[in-house]
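There are 2 protein chains.
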Amino acid sequence: MKQISRFSHFGELSDKDYFRIALSVDCVIFGFEDGELKVLVINCNIKEYRGKLSLLGDLVRPDEDLDSASYRILRERTGLGDVYLEQVQTFGAVDRHPAGRVITTTYFSLVNVRDVQLTLAENDLHWHPVNDIHDMAFDHLTILHACHERLREKVDDHPVVFNLLPKKFSLRELQCVYEAILNTRLDRRNFRKKFFMMDWLVDLDELEQDVPHRPGKLYRFNAAKFTRKPKALAR
Amino acid sequence: MKQISRFSHFGELSDKDYFRIALSVDCVIFGFEDGELKVLVINCNIKEYRGKLSLLGDLVRPDEDLDSASYRILRERTGLGDVYLEQVQTFGAVDRHPAGRVITTTYFSLVNVRDVQLTLAENDLHWHPVNDIHDMAFDHLTILHACHERLREKVDDHPVVFNLLPKKFSLRELQCVYEAILNTRLDRRNFRKKFFMMDWLVDLDELEQDVPHRPGKLYRFNAAKFTRKPKALAR
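The structure is reproduced here in structure tokens:
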């Protein structure tokens, strides 16, 4: 390790006092099931928080970048490789982890629950409704809320929600996803009008099958049509 | 240090292989001067990057939270305490720092350059036009771009720009700030119309003094009127 005293204004501390942090990555993996926004969690098995829900995370390896670590966790826990993943925030309170100073960088991901194989049954890995979670291990409830808030902001002008849906979906399903994320009821006509204005959908000329209501038309997301909305002030 | 083997799936690594990271904080401090968006930089004095521009940063102390570290850096470098500060992204490429594994969490801040005392003259601390920066030490150019992009997204629906201006300002100055951040010319009439719709301004019933053009009316920001814009889909 080379000298890094050029960094610090604190003469009383040496390099080795600084190079003592571990870094973890925690993933908030959102899914949509039974009309609810859900998150993939396990039961925490460390003494201090035993029995509480915990997000999926792991320490970052010495030779691993942050994004690689979060993709690895997702792959190990869901079997999925090619998924939406976005860094949200890093949490570094001095006493946030009982094992020492562990800083955690958090990511959120959106997956279609039907694509996920929950083969890794350890620690009761399961989908849990976001609205039913009021307590978690560590600072994970704060992390969950921060990622949910980022998702809420994101859906307004980014077609990120399509990652939660199957390739073909009805407008009813699409609206349900938005309502679950925003935790509010939306007006059906306004929702459809605004959605068609955004021009993100392709009408597949097919109808839903085996549904307990009048079958709706099926659509797919048209990624080619997505361009970032011009900013209001620049329009 | 307690056992943390519960974390890791890698039997070949021990705790001490993980607790070897240092964490730094880098601040992208934006200011507005002479019609340009500027950033506060120093000349890097470490061997590998000598003479290149560098952001203001420092290692996070063992007993320091992330936000506290960034406020400390701001205070030390600008003399300012009560400033806008927002965490943007954490950069953790394995080889990003020559001194060892140093992860950096980045923040952006917006200050009024007239409030800043650049008393700390070491390393040629100075305001540099963002558009003139094409090379920096470490990954700091990437960090600068990420923070500028976050700022661009933010100004669309958040009154964050007022932090760059004096308490009293004209609409001409306000438009200049937006143009500098967005790096584009805006239509004067549309800008004013949209701004008044947002209802963020208080007319002070005063005129600019000593300006080389027809004096404009002066305004102040009305923080009380700021409420988060309802999301388009929920409207």
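Top to bottom, those sequences are chains A and B.
Note that the working numbering has the first sequence beginning at 1, numbered continuously upward.
Note that the working numbering has the second sequence beginning at 236, numbered continuously upward.
Built from N, CA and C at the ideal position, the CB exists for glycine as well.
Residue(s) in a DSSP beta bridge with residue i
| i | result |
| --- | --- |
| Cys343(B) | The identity of residue 343(B) in the sequence shown is Phe, whereas the question assumes Cys. Answer by DSSP bridge pairing, in chain order: Val263(B), Glu321(B). |
| Ala22(A) | Val102(A) |
| Val202(A) | Arg220(A) |
| Glu443(B) | Beta-bridge pairing links Glu443(B) to no other residue. |
| Glu414(B) | Looking at the DSSP assignment, Glu414(B) forms no beta bridge with any residue, so it has no partner. |
| Glu268(B) | Glu271(B) |
For residue i, the nearest candidate out of the options (CA to CA)
| i | options | result |
| --- | --- | --- |
| Val113(A) | Phe30(A), Gln89(A), Val160(A), Arg75(A) | Phe30(A) |
| Lys402(B) | Arg455(B), His383(B), Asp445(B) | Arg455(B) |
| Arg387(B) | Leu439(B), Trp362(B), Gln444(B), Leu345(B) | Leu345(B) |
| Asp26(A) | Gly81(A), Asp15(A), Cys147(A), Asp115(A) | Cys147(A) |
| His128(A) | Ser24(A), Phe19(A), Gly35(A) | Gly35(A) |
| Tyr342(B) | Asp250(B), Leu275(B), Phe431(B) | Leu275(B) |
| Lys251(B) | Asp95(A), Arg20(A), Leu13(A) | Arg20(A) |
| Leu165(A) | Val88(A), Lys193(A), Val211(A), Leu218(A) | Leu218(A) |
| Phe162(A) | Arg61(A), Phe226(A), Glu64(A), Asp205(A) | Phe226(A) |
| Val97(A) | His140(A), Pro215(A), Asp132(A), Asp157(A) | The question names Val, but residue 97(A) is His in the sequence shown. Considering only alpha carbons, the answer is His140(A). |
| Glu149(A) | Val28(A), Tyr18(A), Thr78(A), Ser14(A) | Val28(A) |
| Ala224(A) | Asp65(A), Asp63(A), Met198(A) | Met198(A) |
N-terminal and C-terminal residue of the alpha helix (DSSP H) that residue i is part of
| i | result |
| --- | --- |
| Phe426(B) | 423 to 433 |
| His128(A) | Note, His128(A): premise wrong, no alpha helix (DSSP H); beta strand (DSSP E) at 126 to 129. |
| Leu309(B) | 301 to 313 |
| Leu144(A) | 140 to 154 |
Residue i CB to nearest heavy atom of the ligand FMN below 7 Å
| i | result |
| --- | --- |
| Gln324(B) | Ligands in the displayed structure: none, and consequently the ligand FMN is not present. |
Sub-8 Å separation of residue i and residue j beta-carbons
| i | j | result |
| --- | --- | --- |
| Leu55(A) | Ile181(A) | no |
| Glu308(B) | Gly292(B) | According to the sequence shown, residue 308(B) is Ile rather than Glu. Taking 8 Å as the Cβ cut-off, Ile308(B) and Gly292(B) qualify as a contacting pair. |
| Ala328(B) | Leu294(B) | no |
| Leu288(B) | Val365(B) | no |
| Ile277(B) | Asp350(B) | no |
| Thr325(B) | Gln87(A) | yes |
| Leu201(A) | Asn222(A) | yes |
| Arg189(A) | Gln175(A) | no |
| Ser405(B) | Val337(B) | no |
| Tyr413(B) | Val395(B) | no |
| Ser70(A) | Leu85(A) | yes |
Coil, strand or helix - residue i by DSSP
| i | result |
| --- | --- |
| Phe169(A) | strand |
| Phe221(A) | strand |
| Phe91(A) | strand |
| Val396(B) | helix |
| Arg296(B) | coil |
| Leu353(B) | coil |
| Ile239(B) | Here the model assigns Ile239(B) a pLDDT of 40, short of 50, so the residue's position is not dependable, and the following value carries that caveat. Correct three-state label for Ile239(B): coil. |
| Leu13(A) | coil |
| Arg235(A) | Below a pLDDT of 50, predicted positions are generally treated as unreliable, and Arg235(A), at 47, falls in that range; the measurement from the model is reported next regardless. If DSSP states are grouped into helix, strand and coil, Arg235(A) belongs with coil. |
| Leu290(B) | coil |
| Pro215(A) | coil |
| Asp370(B) | coil |
Span of the beta strand (DSSP E), counted from its first residue to its last, around residue i
| i | result |
| --- | --- |
| Asn278(B) | 271 to 278 |
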